[in-house]
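Colleague: Numbering (full-length UniProt numbering), first residue to last: 1 to 350. Even glycine gets a Cβ: it sits at the ideal position worked out from N, Cα and C. Given the structure is predicted, the values throughout are model-derived calculations rather than measurements.
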Amino acid sequence: MMKKSEINNYLHQLSKREELYKNNPATENLDDYADFDVYTNHAGQRVFKYTFEKHLQKAIESNTYISTHLHASPLLVFKHNRYAYTPLHSHDFIEINYVYSGQAHITINDTTLILETGDLCILDTDVIHRISNTSESDILVNILIKKEYFSSNMLNRLASNNIIAEFAVRSISETHSHDQYIIFTPEDGEILQDAISGLLVYYLDPVSYSIDAINAYMIIIFSELLKSYTQKKSLEYRSSNQQYIGDILQYIEKNYATCSLADVATHFNFNASYLSRYLKKQTGTTFVKMIQDIRLNHACALLKNSTYSIEEICQQVGYRNLTFFYKKFTATFQCTPKSYRGTHKNITED
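#1: Please name the residue, chosen from Val-141, Ala-213, Ala-195, that lies closest to Arg-82 on a Cα-to-Cα basis.
#2: Give every residue of the same chain whose Cβ lies closer than 6 angstroms to the Cβ of Ser-197, excluding the five residues on either side of it in the sequence, and list them in chain order.
#3: Just to confirm before moving on: does the CB-CB distance between Tyr-50 and His-12 stay below 8 angstroms?
#4: Rounding to the nearest angstrom, what Cα-Cα distance links Leu-245 and Phe-287 in this structure?
#5: Can you tell which of Pro-87, Lys-54, Gln-193 has its C-alpha closest to the C-alpha of His-71?
#6: Leaving out five residues on either side along the sequence, give the residues of the same chain with a beta carbon under 6 angstroms from the beta carbon of His-298.
#7: With H, G and I counted as helix, E and B as strand and the rest as coil, what does DSSP make of Tyr-251?
#8: In or out: Val-207 buried (at least 16 other Cβ within 10 Å) or exposed?
#9: Going straight from the alpha carbon of Thr-332 to that of Cys-314, what length do you get?
#10: In the DSSP assignment, find the unbroken alpha helix (DSSP H) run with Asn-8 in it and report its ends.
#11: For Phe-222, is the classification buried or exposed, using 16 other Cβ atoms within 10 angstroms of its Cβ as the cut-off for buried?
#12: Does Tyr-340 pass the burial test, meaning 16 or more other C-beta atoms within 10 Å, or should it be called exposed?
#13: Is the CB of Lys-16 under 8 angstroms away from at least one CB in chain B?
#14: Taking only three categories from DSSP, how would you classify Arg-46?
#15: Since Asp-205 and Met-1 should fall inside the 8 angstroms C-beta cutoff, what is the C-beta to C-beta distance between them, to a whole number of angstroms?
#16: Can you tell me the Cβ-Cβ gap for residue 392 and Tyr-181, rounded? I've got them flagged as a contact below 8 angstroms.
#17: Which class does Pro-337 belong to by DSSP, given the choice of helix, strand or coil?
#18: Give the secondary structure of Ile-128 by DSSP, where H, G and I count as helix, E and B as strand, and everything else as coil.
#19: Starting from Glu-95 and walking both ways along the beta strand (DSSP E), at which residues does that stretch end?
#20: Considering Cα atoms alone, identify which of Glu-312, Phe-78, Ile-96 is closest to Lys-58.
#21: Pairing CB atoms from the segment 246-264 with CB atoms from the segment 100-117, are three or more of them under 8 angstroms?
#22: Quick one, are the C-beta atoms of Leu-275 and Leu-296 less than 8 angstroms apart?
#23: Applying the criterion that 16 or more other CB atoms from any shown protein chain within 10 Å of the CB defines a buried residue, is residue 369 buried or exposed?
#24: Curious, which full-length alpha helix (DSSP H) runs of at least 4 residues does the segment 269-325 contain?
#25: Where does Tyr-209 land, buried or exposed, given buried means 16+ other C-beta within 10 angstroms?
#26: For Ile-291 and Glu-312, I'd like the C-alpha separation in whole angstroms.
#27: From what residue to what residue does the beta strand (DSSP E) around Tyr-39 run?
#28: Leaving out five residues before and five after Lys-227 in sequence, what residues of the same chain have Cβ atoms less than 8 angstroms from its Cβ?
#29: Determine the burial state of Gln-334: buried for a count of at least 16 other Cβ atoms within 10 Å of its Cβ, exposed for fewer.
#30: Leaving out five residues before and five after Cys-300 in sequence, what residues of the same chain have Cβ atoms less than 6 angstroms from its Cβ?
#31: Would you kindly check if the distance between the Cβ of Ile-131 and the Cβ of His-105 is under 8 angstroms?
#32: Using DSSP bridges, identify the partner residues of Ser-90.
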């Protein structure tokens, strides 16, 4: 398996594509963007519409590092091609640009921002932007995130009424305008860079447990960004009508096994019908689906990491009917709880 120390060499080494761009300065006439749709913005400028699926397909066709078991992953992680021309574009996914070394000049809505080594930019879907040509010392790591990645489970792990959770909620919302971006400038970027390197290790040289490791590194990355925001307030944030639901998500996560919609509504002094609509608007999912996802995810963790019987796990996560639990689990994971435990169990019973 690739070591973290090898990541630095990988990132600095010129790829064949980068050598091509270096020897043939990129222009708009290159065919790299021929597969993407084009539209005209309010200023009459041509804008390419990037999609996650087409990026994934290109990555699969041009790289051997994306293992088959990562093809269904809601994340794409790769090095931005140096010397490459990047036209104005928007996309249907959330994008993270991390400056591993050098600089990055990013133009967002006609404003050009200069990011230095260690800086990180998160872009919402549909934000029109471009990255100016980079030199050999300018190394960017791109993380593309499908909206589906911010499931109720991930939102609950982020939910502490913080700016990352709020950004995620707005990004997956169908009703909010998608015009937000955040620039982070960590005071001490060593932990963040280490997490980015760890993420790359498991993405570029995957093993059977890579997806769990990748998700863990993403939590570390988001936690470091929150620390940077909390300590320094070093950000630029563009948004409107921000809605705070972190407390609600935290309450649901803490009481998932027993709480009902009425319980949550009473706790926060909401009308139950209003709360139901509010959750759907903010997270894109219903209360029932959210509770089900949380319960089943906790059931998976217990199946992998405990010796409790399946009936005991059913009770612990909030299901009172074992048959119903089996039905929901099987429909979600395409296998029974017993089969899941046999495949994923992490501990050895005495």
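Modeller: Reading it off the structure:
#1: Sorting Val-141, Ala-213, Ala-195 by C-alpha distance to the C-alpha of Arg-82 places Val-141 at the top.
#2: Annotation for Ser-197: Lys-4, Ile-7 place their beta carbon closer than 6 angstroms to its own, counting only its chain and skipping 5 residues before and after.
#3: Judged by beta-carbon spacing, His-12 lies beyond the 8 angstroms limit of Tyr-50, meaning their Cβ atoms are not closer than that value.
#4: The residue asked about is misnamed: residue 245 is Ile in this sequence, not Leu. So the alpha carbons of these two residues sit roughly 13 angstroms apart.
#5: When each option's Cα is compared against that of His-71, the closest is Lys-54.
#6: The residues are Val-317.
#7: In the structure shown, Tyr-251 sits in a helix (DSSP, three-state: H, G or I).
#8: So Val-207 ends up on the exposed side.
#9: Roughly 15 angstroms between the two C-alpha positions.
#10: Note, Asn-8: alpha helix (DSSP H), 4-12.
#11: Buried is the call here.
#12: Buried, since its Cβ has 16 or more Cβ neighbours within 10 Å.
#13: Absent here is chain B; the protein component of the structure consists of one chain.
#14: Arg-46: strand per DSSP, three-state reduction.
#15: Rounded, the Cβ-Cβ distance is 5 angstroms, consistent with contact.
#16: An answer regarding residue 392 cannot be provided, because it is not within the stretch 1 to 350 covered by the chain.
#17: Pro-337: helix per DSSP, three-state reduction.
#18: Collapsing the DSSP output to three states places Ile-128 in coil.
#19: Counting along the chain, the beta strand (DSSP E) containing Glu-95 begins and ends at 94-101.
#20: It is Phe-78.
#21: Remark: fewer than three beta-carbon pairs, one from each stretch, lie closer than 8 angstroms, so the segment 246-264 and the segment 100-117 are not flagged as touching.
#22: Taking 8 angstroms as the Cβ cut-off, Leu-275 and Leu-296 do not qualify as a contacting pair.
#23: In the structure as shown, the chain begins at 1 and stops at 350. Residue 369 is therefore absent and cannot be evaluated.
#24: With a minimum length of 4 residues, the unbroken runs of alpha helix (DSSP H) contained wholly in the segment 269-325 fall at 272-283, 287-305, 310-316.
#25: Under this definition Tyr-209 is an exposed residue.
#26: If you draw a straight line from the Cα of Ile-291 to the Cα of Glu-312, it is about 18 angstroms long.
#27: Here the beta strand (DSSP E) through Tyr-39 covers 37-40.
#28: Within the same chain, Lys-227 has close Cβ partners Pro-186.
#29: Gln-334 is classed as exposed because its beta carbon has fewer than 16 other beta carbons within 10 Å across all chains shown.
#30: No residues qualify anywhere along the chain.
#31: Result yes, Cβ atoms of His-105 and Ile-131 sit closer than 8 angstroms.
#32: The partner list for Ser-90 (beta bridge, DSSP) reads Lys-49.
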